[in-house]
Amino acid sequence: MALDVALDIGTASTRLATAQRGVLFNEPTMVAIDTSSGDVVEVGLGALELVGRTPRHVVVFRPFAQGATVDFDVTARLIAGLFDRAGISKLSRARVVMSVPSLATAIERRALRQAAIQAGAREVSLVESPLAAAIGLGLPVQDPIGSAVVLLGAGASEVVVVSLGGIVTGRARRIGSSDVDGALATLLRVQRGVVVAPRVVEELKITLADATGSSRAPQEIVAARTVDRGVPVSVEVDSDLVHRALGDVLNALVRMVEECLSDTPPDLSQDVSSRGMTLAGGFAQLSNLDGLLAQATGVDVRVAAQPELVVIQGLQYCLEEMSSLHALFREADR
Ligand SMILES: Nc1ncnc2c1ncn2[C@@H]1O[C@H](COP(=O)(O)OP(=O)(O)OP(=O)(O)O)[C@@H](O)[C@H]1O
Ligand SMILES: [Mg+2]
Numbered sequence: 004m005a006l007d008v009a010l011d012i013g014t015a016s017t018r019l020a021t022a023q024r025g026v027l028f029n030e031p032t033m034v035a036i037d038t039s040s041g042d043v044v045e046v047g048l049g050a051l052e053l054v055g056r057t058p059r060h061v062v063v064f065r066p067f068a069q070g071a072t073v074d075f076d077v078t079a080r081l082i083a084g085l086f087d088r089a090g091i092s093k094l095s096r097a098r099v100v101m102s103v104p105s106l107a108t109a110i111e112r113r114a115l116r117q118a119a120i121q122a123g124a125r126e127v128s129l130v131e132s133p134l135a136a137a138i139g140l141g142l143p144v145q146d147p148i149g150s151a152v153v154l155l156g157a158g159a160s161e162v163v164v165v166s167l168g169g170i171v172t173g174r175a176r177r178i179g180s181s182d183v184d185g186a187l188a189t190l191l192r193v194q195r196g197v198v199v200a201p202r203v204v205e206e207l208k209i210t211l212a213d214a215t216g217s218s219r220a221p222q223e224i225v226a227a228r229t230v231d232r233g234v235p236v237s238v239e240v241d242s243d244l245v246h247r248a249l250g251d252v253l254n255a256l257v258r259m260v261e262e263c264l265s266d267t268p269p270d271l272s273q274d275v276s277s278r279g280m281t282l283a284g285g286f287a288q289l290s291n292l293d294g295l296l297a298q299a300t301g302v303d304v305r306v307a308a309q310p311e312l313v314v315i316q317g318l319q320y321c322l323e324e325m326s327s328l329h330a331l332f333r334e335a336d337r
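Listed below in C-alpha cells is the structure:
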C-alpha cells in the first residue's frame, strides 16, 4: 500500500505525520550534513545539539528562512533524513501533502515540490498553510460561512478569511517571531554591549515578552559575552527591552489583520464579527496577543490549543480524506 505523509516545514520547526501513526516528528528545521560524502548525519534536535561541536567536514544547516527554502539541495536532504527517521523507505514512493505559505512564489513552490521528489516522494500536493490551519482547527471551511484564522510563525505571518473551501481574503508578510529574536539580539548588542546566544535570546522572548507591555516577570539574568573583548558576563534583561524588540513586528501584524478584515465582503465580515477569529502558529502563544488583536479589530479572538500543531493536523486530515477518496476510486475500479 502506498504510504501517505504530511509535512509542514517551517522556519523554526518541522513536523511530519502519517495518517496511520499521527505526528511522528516535531523538531527544529535543522540538518547536519557530512560535506565530504553528502550524507545526512542528524536531523532536528540531533542536528541542533551538534551546533559548535562538529569537525570541519560536518556542517549544520537551517535551510528555511521567512517561510521558504533558501537551499534546495539541503532541503531535499533534510526531507530524505526526515523520511529515514520516520521509517519511510525511499522505495515506498510516498504520497506527500505539504504546507506552503500563501505568499510563496511559483519558484519557491516548485523548489519545495522538487525537493520532496528528490527525497523519494512519488507525488506531492501543496496546501496553503492558513487553509491547512483552518482545516486543522476544525472550522467549517466547506460551508458558506466566513471563518477567520491568523497564523503566526517564526518567519511568516498570514491572516485569511475562508469560505466554501477556499481563501476569500488574505494578507501575508514575511515577518514573524524570529524577527523579534533578531531585534532583541541587536538591542542587546548595541545598547548593552553584549552578545547573547540565539537560544537564550529566544528564551528571553518567551519568558518576558507581552503584547501589551504589561510586565510579566520583571527581569531575567542571562549569560553573555562582551562585544569588544568576548569576556563572559551576566546581564540583567528587563521586560521593557523585550517590549521594545517586539514593537515593529507587532505593529505590522496588527495592520495586516486590520487590512484583511477591512477587505472582507460584508456578509463574511458579519460572520467573522459574530464567530470571532482564531490564532494559530507558535507566536500565537505570545502573552496577551489575543487581547491586543481583539482591541484593535473589535472582533473576539481565541488562541488555538497547541497552536504550533494546527497546520500539521490540517494536513493530516487532508491525507485521511485523500485515502478515503482513493478507497472510493478503488471500489469503482473493480
Ligand atoms: N510563548 C511564546 N511567546 C512568543 N513566541 C513564542 C512563544 N512560544 C513559541 N514562540 C515562537 O514561535 C515560533 C515558532 O512558531 P512555529 O513553529 O509556528 O514556526 P514555524 O512553523 O517554524 O515558522 P513559519 O511557519 O513561519 O515558517 C518560534 O520563533 C518561537 O520562538
Ligand atoms: Mg509554520
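In short: position in the sequence shown from 1, add 3, done, that's my numbering. Beta carbons are placed, not taken as given, at the ideal position from N, Cα and C, and that holds for glycine.
Review point. Taking all protein chains shown into account, do 16 or more other C-beta atoms lie within 10 angstroms of the C-beta of serine 265, making it buried, or fewer, making it exposed?
Key: As a position in the sequence shown, residue 265 is number 262, starting the count at 1. Only exposed fits serine 265, as fewer than 16 other CB atoms lie within 10 angstroms of its CB.
Point to revise | Collapsed DSSP secondary structure at glycine 149 in the structure displayed | key: Position 146 of the sequence shown, counting from 1, holds the residue named residue 149. DSSP places glycine 149 in coil when its eight states are reduced to three.
Check your understanding: Given that a residue counts as buried once 16 or more other Cβ atoms are within 10 Å of its Cβ, and exposed if not, what is isoleucine 138?
Key -> The count along the sequence shown starts at 1 and reaches residue 138 at position 135. So isoleucine 138 ends up on the buried side.
Point to revise | Segments assigned beta strand (DSSP E), at least 3 residues, entirely inside the segment 84–157 | key: Qualifying beta strand (DSSP E) stretches, in chain order: 98–103, 126–131, 150–155.
Check your understanding: Any heavy atom of ligand 2 within a distance shorter than 7 Å of the CB on glutamate 274?
Key -> Working through the sequence shown from its first residue, we reach residue 274 at position 271. According to the sequence as given, residue 274 is aspartate; it is not glutamate. Every heavy atom of ligand 2 is 7 Å or more from the Cβ of aspartate 274, so no.
Review point. Assuming glycine 156 and glycine 70 make a contact with CB atoms under 8 Å, what is their CB distance in whole Å?
Key: Position 153 of the sequence shown holds residue 156. Position 67 of the sequence shown holds residue 70. With a contact defined as Cβ atoms closer than 8 Å, glycine 156 and glycine 70 qualify at about 7 Å.
Practice item. Put asparagine 291 into one of helix, strand or coil per three-state DSSP. Key: As a first step, residue 291 is located in the sequence shown; it is residue number 288 there, counting from the start. DSSP places asparagine 291 in the coil class of the three-state scheme, outside both helix and strand.
Practice item. Confirm the yes/no value for this check: CB of leucine 140, any heavy atom of ligand 1, distance under 7 Å. Key: On the sequence shown, residue 140 is found 137 positions in, with the first residue counted as 1. Relative to the non-hydrogen atoms of ligand 1, the Cβ of leucine 140 never comes closer than 7 Å to any of them.
Practice item. Tell me where the beta strand (DSSP E) around glutamine 23 begins and ends. Key: Stepping through the sequence shown from its first residue, residue 23 is reached at position 20. Counting along the chain, glutamine 23 falls outside any beta strand (DSSP E), and DSSP gives it neither H nor E.
Review point. Isoleucine 209 lies in the alpha helix (DSSP H); which residues open and close that run?
Key: Counting from 1 along the sequence shown, the entry for residue 209 is found at position 206. Going by DSSP, isoleucine 209 is part of the alpha helix (DSSP H) stretching over 201–211.
Check your understanding: Just to confirm, are alanine 151 and glycine 179 a CB contact at a threshold of 8 Å?
Key -> What you label residue 151 is simply residue 148 of the sequence shown in a count that begins at 1. What you label residue 179 is simply residue 176 of the sequence shown in a count that begins at 1. Their beta carbons are not under 8 Å apart, which means alanine 151 does not touch glycine 179 by this criterion.
Exercise for review: Counting only the same chain and skipping the five closest in sequence on each side, list residues whose C-beta sits under 6 Å from that of valine 165.
Suggested key: The residue labelled residue 165 in the question sits at position 162 within the sequence shown. Close CB contacts of valine 165 within its chain, under the 6 Å cut and outside five residues either way in sequence, are with Ala137, Val144, Ser150 (chain order).
Exercise for review: Tell whether a beta-carbon distance below 8 Å holds between valine 127 and leucine 81.
Suggested key: For the purposes of this step, residue 127 is taken as residue 124 along the sequence shown, with counting starting at 1. For the purposes of this step, residue 81 is taken as residue 78 along the sequence shown, with counting starting at 1. Their beta carbons are not under 8 Å apart, which means valine 127 does not touch leucine 81 by this criterion.
Check your understanding: DSSP on valine 240, reduced to helix/strand/coil?
Key -> Here the question's residue 240 lines up with position 237 in the sequence shown. Strand, per DSSP.
Review point. Since alanine 22 and leucine 322 are thought to touch, with beta carbons under 8 Å apart, how far apart are those beta carbons, to the nearest angstrom?
Key: By one-based count along the sequence shown, residue 22 stands at place 19. By one-based count along the sequence shown, residue 322 stands at place 319. Right, the Cβ-Cβ distance comes to about 4 Å (below 8 Å), so this counts as a contact.
Check your understanding: Among the residues of its own chain, which have a CB less than 7 Å from the CB of glutamate 239, if the five just before and after it don't count?
Key -> Numbered from its first residue, the sequence shown carries residue 239 at position 236. Excluding sequence neighbours, glutamate 239 sits near Gln222, Ile224.
**Study point:** Contact test: valine 183 Cβ vs ligand 2 heavy atom, cutoff 7 Å
**Key:** What you label residue 183 is simply residue 180 of the sequence shown in a count that begins at 1. No, Cβ of valine 183 sits at least 7 Å from all heavy atoms of ligand 2.
Check your understanding: Using the rule of at least 16 other Cβ atoms within 10 Å of the residue's Cβ for burial, across every protein chain shown, is proline 133 buried or exposed?
Key -> In the sequence shown, the residue the question calls residue 133 occupies position 130. Per the 10 Å Cβ criterion, buried.
**Study point:** Assumed close pair phenylalanine 67, isoleucine 12 - CB separation to whole angstroms, cut-off 8 Å
**Key:** Here the question's residue 67 lines up with position 64 in the sequence shown. Here the question's residue 12 lines up with position 9 in the sequence shown. Correct: roughly 6 Å between the Cβ atoms.
Practice item. Evaluate alanine 109 with the Cβ neighbour count: other Cβ atoms within 10 Å of its Cβ, from every protein chain shown; 16 or more gives buried, anything less gives exposed. Key: Your numbering for residue 109 matches position 106 in the sequence shown. Result: exposed.
Check your understanding: Who are the Cβ neighbours of methionine 280 in its own chain at under 7 Å, not counting the five residues just before and after it?
Key -> Counting from 1 along the sequence shown, the entry for residue 280 is found at position 277. For methionine 280, same chain residues with a beta-carbon under 7 Å away, outside a window of 5 residues either side, are Ala151, Val152, Val153, Val302, Val304 in chain order.
Point to revise | Pocket of ligand 2 (residues with CB nearer than 5 Å to any heavy atom), chain order | key: After applying the 5 Å Cβ criterion, the set is Gly13, Gly156.
**Study point:** 8 Å contact criterion, which valine 245 and leucine 207 should meet: CB distance rounded
**Key:** Translated into the one-based positions of the sequence shown, residue 245 becomes position 242. Translated into the one-based positions of the sequence shown, residue 207 becomes position 204. That belief holds up - the Cβ atoms of valine 245 and leucine 207 are roughly 6 Å apart, short of 8 Å.
Practice item. Tell me whether leucine 312 is buried or exposed, calling it buried when 16 or more other Cβ atoms sit within 10 Å of its Cβ. Key: Within the sequence shown, residue 312 is the residue found at index 309, counting from 1. Under this definition leucine 312 is a buried residue.
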